[in-house]
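Residue numbers (my numbering), protein chains in the order written: chain X, 4 to 484; chain D, 1004 to 1617. Glycine included, each C-beta is placed from N, C-alpha and C at the ideal position. Okay, structure first, notes after.
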Amino acid sequence: MPRKKKKVTNGNGGAKPAKVRVRTYRHGLGDCHLLSFTKPDGKPFQILIDCGVVSRTPNPRPIMTRVAQDIVRETGGVVDVLVATHQHTDHLSGFKQAEAEFNNNIKMKRLWLAWTEDPRNPLGKKIQSQLVKKLAAVRAAAEKLAELNPKEAAGINGVLDFFGAAAGDASSTQAILDALQKRHETDITYHNPGDSFVLPDVPNVRVYVLGPPIDANQLKHVNPRKSQHEAYEMPEIASDLLGLVEALGAEDGERASELSYPFEKWYRHPASAMKRNKFFKEHYLRKSENWRKIELDWLQAAETLALALNDFTNNTSLALAFEFIDSGEVLLFPGDAQVGSWLTWSDLNWSVTDPNGAARTVQAADLFPRVVFYKGSHHASYNGTLTGYEQAVGLEDMTHRDLVCVVPVDREMSKKMGWDRTLPWAPLLDRLKEKTRGRLVLTDHAEIPPDPKTLDALSATERDRFAKQVVVSDDHVDYTL
Amino acid sequence: MPQWRKLRGYAFDPVLSQQFETAGINEIVFKVPWEELDPGPVGDYLEVIDYDPASAAFYEPVNLDAASIVGGDGLDPEESNPQFHQQFVYAVAMTTIRNFESALGRKIFWTRRNENKKRGQRETFVPRLRIYPHAFRAANAFYSPDRKALVFGYFPASPNPTGVQLPGGIVFSCLSHDIIAHETTHSLLDTVLPRYLDSTNPDVLAFHEAFADIVALFQHFSFPEVLHHQIAKTRGDLASQSLLGELAQQFGQASGLYGGLREAIGRVNEQGKWEPIEPDPTAYEKTSEPHERGSLLVAALFDAYIAVYRERVADLIRIATGGSGILPAGALPVDLTNRLAREAAKSAQHLLTMCIRALDYCPPVDITFGDYLRALITADVDLVPGDEHHYRVAIIEAFRRRGLYPRDLRTLSEQSLHWPSGDQLDDAGRKAISLLADKLRPLAERSHYHEARSTTFEFLREFREEIHDLLTPKIGKKILGNLEEITGLLLTPRRKKVLGLEISKKGGYSFEVHSVRPVRRHGPGGEEVDNIVLSITQKRSVPANGVWYNMLGGCTLLLDLDTLTLRYAIRKPIDDPQRLNAFQRYIDGDTSSAAVGLSKTREPIAHLHLSASM
């Protein structure tokens, strides 16, 4: 069990007020971060990034309600900005599960979303409608598989869990996002990569939008040597599986069109007539040949589709960097962005105006060496953090001496879902530990947070600072700067 | 009865045949050994079953023995006719099988099926590999080791009207010579070296992929008709790499195979001209993804092929150009095109045979590209001592240029790459080997009979059991110590417990007599090689990252039955601390199974293919 500390101190030993406190909740496999920046008048400016937990969490309502109640307490019921990074339950479910708190006790002044959620953006709309259609196909496949052989459906269902219930259901991620967008007190902004602006009311903080990447063309710059699945196929998600989608009759619930069949009607004999066909009776249906059947393979292809949709959705994460203009320190919150999104960041050029009025261009390569806080992307999966090679930026470019990394993980849950080898991925954790010189904090309760006294790679001053800067309690990790 | 069955099929993928340029030459005739066929076709080696569950339909099986079809050399190549698809997968898969049988000098048996019966495990003979030409709707095709089947998918072409495909039209993976040959090769490699599906180092799965690519590519090049067109087209530069390299890349684009080959051997430059890329000798160290790593092996063997072709046509070019090397203007003489195509096809066939033959000289587990280079060289020296066309030099050179060589040798000469010969045994070792080899003699006798494959299978199974008994402490007490030294296996239980090795009911450490393969081959000079290949494997469970994994060890023994001596012992010792260390490090950093959410699939090859195509 972690050490218990009730009181939150700030990293400057109370000498100066903290510039920001980042509270990361330890509620399970999911993201919820409360960033409290200090305004010039000394009052906090509250940014809430995501609030969710994976659907397989037992009894999630009280868990998420507790989180929401803490948010109410900390913010006094006013969240200045809510950031919903992407449409996955482990980032959104809390808004439904703790809806009483969120609806009655919290006022959200602004909502920030990725451009992919913008109903007026034609490409964004197309993406959403494709997602809905293909998800429906995956669900149909999972249902059929469950009927034929429940064991075989486990893989698909595990991936589907991230999307929550089917579209149309009030607890689906889509419905949650819709509800958030309908709150009348909330001002909505859809962000594009390349946007940068000064945080309202906090003139010392500038926000950079890194992802999601804006269009397919940008992707052609992607290093061609990387295998294709890391690229970001914006307009056509796994289009080679369209035939499968049609076969599952997902197209507006109608039956597959004649053109989707590989051969003309007169060649096709209905499968139901097989038992009257001598050849198939002898070679396919015979009981001793059962071990060679292919009844399920075509449905299993849906798992590929599910994974493609899952990765795709992760790549639609609104990825943000917060920069302190005076000190240059950067906090990086990539959502669950995977490699496909990371690869495009080095192509971005942000135009900023310095306090003295001078204009200049900022690139990711300027920001990364100044990152002092990194929220581990995608629960430290193997493709959630780019190492950085050639011109692309990645972990290797985070060279700041003060780098601290917090990763929301829950290895017990990962194990339940069969992903214990990959979520988090051990070699990545090792590297994160090296890069932060031990200042890596994992949020699950299996982890004993690093004891500053044992971090040999740090100097005495650094150890002292880390001890004050990061405070772990049962419910959350607080980082202050 | 006729000796051959002729079946018409595509020379190029239909994807390519829709291009006007290649439309006229897209038909070739496959010649496969005649056998009586049932509808399906269902023959001695293959059964094609055309059930399409995604369309909830089945298609009538083709009867290739029907007089009208025999008379017409098979059905017309026709994308819209499922029965032609059945004919085509049969023709290509049989061609591949035949290439294996003639290179290996023996009949092929599909991997045996281990059935869990109430009274313990039972091995059963699987007579036929099953082929499903239309099994699912996805851009994939794979070999399923569990079901002893090849499954092919079909999918709508990309909706963007950019390529040569009809946008939204359907692409069939079972109409690509290269894909069929590739998947058939996976299954054939699995019959010879079944433990190569266990990813015990970064090269193993890469080898499976690369080898399937190599066979598909060289087999495709072994049809002179395929090369004619290209040779006539690139008339100016007959000996250059671009001629064959460009064709290989076209095949790659059509089939989605040879991914890395595209980047490894050459590219089309800004002027639209194809140019070769200088190989990078450090690439092998830098790449870990199985496909990228495998492509290095494919590229190396392709380089070797080009070198061999160049050497074989040098005199022809001199004759045709009066010694200048510069061709006169105008179209090439047909005779010259024919001869060049024939030389290119012959070179491909030779390399194909070499590559397959080397499999008998590979360790039974845990192969590296360096091991394969040694197997290639040793197998070829054994059969063709004089290397008239410098094939071996070309291969060594090509492997060296891409950094693919064993790291534990002082030089890369032919002599040092050659596996160490078995002559160097001491007297006790010789005695042990001669005892073992003597046991195997009846097998060599028997292997010359013509029997049904099922009978031979049964006979070989009994033989494996007999060898297994011989290697247990009770019966083989006198020779076990010597054999342990020779093979690197652990057979007699040690006083001190060896971590992770089990003791069997027969009193020794568990091991498996993996296969016993009698081999009789004829070299080009008429010389005869009469060997037995005996593979024995062992596993032990070792911890890595807090989980227990099976580390594999084993040995391939090549025995000469005429003299009762050991030719080679190709070893992967089970208790080698360096091997253990490398294995644990590999498991720790392995990314191949790290894809989030991909369920632990029972289809290892499909998994591998998916990770490339997604």
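Does DSSP put D:D1385 in a helix, in a strand, or in coil? helix
Counting pairs of beta carbons, one from the stretch 1127–1135 of chain D and one from the stretch 1075–1082 of chain D, are three or more of them closer than 8 Å? no
Reduced DSSP category for D:F1158 - H, G, I as helix; E, B as strand; rest coil: strand
Let me see if you follow: with CB-CB separation under 9 Å, is D:A1440 close to chain X or not? no
Return the CA-CA distance between X:A182 and X:R373, expressed in angstroms with no decimal places. 37 Å
Within 10 Å of its beta-carbon, does X:N318 have 16 or more other beta-carbons around it, so buried, or fewer, so exposed? buried
Counting only beta-carbon atoms, is X:T388 nearer than 9 Å to chain D? no
Count the other CB atoms, across all protein chains shown, that sit within 10 Å of the CB of X:S132; report buried if there are 16 or more and exposed otherwise. exposed
Near D:H1088, what residues of its chain come up, given a Cβ to Cβ distance below 6 Å and the 5 sequence neighbours on each side ignored? P1136 and C1177
Please say whether X:L335 and X:L370 have beta carbons closer to each other than 9 Å? yes
Against chain D, with Cβ distances strictly below 9 Å, would X:W487 count as a contact? Residue 487 of chain X lies beyond the residue range present for chain X, which begins at 4 and ends at 484; the question has no answer from this structure.
First and last residue of the beta strand (DSSP E) that includes D:R1133? L1132 to F1139
For a contact defined as C-beta to C-beta under 7 Å, what are the partners of D:A1141 on chain X? D243, L244, L247, A304 and T307
Should X:K268 be labelled buried (16 or more other beta-carbon atoms within 10 Å of its own) or exposed? exposed
Between the stretch 1136–1152 of chain D and the stretch 299–315 of chain X, do three or more beta carbon pairs fall short of 8 Å? yes
Consider the Cβ of D:K1480: report whether some Cβ of chain X lies at a distance smaller than 9 Å. no
Of the listed residues X:P411, X:E437, X:H382 and X:L426, nearest to X:E399 (C-alpha basis): X:E437
Could you tell me the distance, in whole angstroms, from the CA atom of X:K223 to the CA atom of D:R1296? Confidence at X:K223 is low in this model, with a pLDDT of 33, below 50, so the placement of that residue should be treated as unreliable; the coordinate-derived value is given next. Between X:K223 and D:R1296, the C-alpha separation is close to 24 Å.
By how many angstroms is the C-alpha of D:L1420 removed from the C-alpha of D:H1189? 26 Å
Look up X:A322 in the DSSP assignment and give the residues it is bridged to. X:G214
Taking the C-alpha atoms as reference points, what is the distance between D:D1578 and D:T1194? 26 Å
Tell me which same chain residues have a C-beta within less than 7 Å of the C-beta of D:R1342, skipping the five on either side of it? L1319
From the beta carbon of D:A1152, is the nearest beta carbon of chain X less than 9 Å away? yes
Can you have a look at D:P1293 and say buried or exposed, based on whether 16 or more other CB atoms are within 10 angstroms of its CB? buried
Does the CB of X:I297 have a neighbour CB from chain D at under 9 Å? yes
Answer yes if the stretch 349–356 of chain X comes into contact with the stretch 377–385 of chain X, meaning at least three C-beta pairs across the two stretches below 8 Å, and no otherwise. no
Count the other CB atoms within 10 Å of the CB of X:N220; is the residue buried (16 or more) or exposed (fewer)? Its pLDDT being 41, under 50, X:N220 is placed unreliably by the model, and nothing is read from it.
Who pairs with X:N160 in a beta bridge, going by DSSP? The partner list for X:N160 (beta bridge, DSSP) is empty, contrary to what the question assumes.
What's the gap between the Cα of X:S434 and the Cα of X:L346? According to the sequence provided, residue 434 of chain X is Arg. The question's Ser does not apply to it. So the two alpha carbons sit approximately 19 Å from each other.
Counted within 10 angstroms of its Cβ, other Cβ atoms place X:T78 as buried (16 or more) or exposed: buried
Reducing DSSP to helix, strand and coil, say where D:S1147 ends up. strand
Chain D residues whose Cβ lies nearer than 7 Å to that of X:F166: Under the 7 Å cutoff, chain D gives no residues; its nearest Cβ is about 12 Å from X:F166.
With contact counted as at least three CB pairs below 8 Å, one residue from each stretch, are the stretch 1374–1388 of chain D and the stretch 1355–1366 of chain D in contact? yes
Beta strand (DSSP E) segments (min. 3 residues) lying fully within the stretch 1069–1128 of chain D: 1116–1120 and 1123–1127
What do you reckon, are the CB atoms on X:L151 and X:L95 nearer than 9 Å? no
Taking the alpha-carbon positions, what's the D:L1504 to D:P1476 distance? 16 Å
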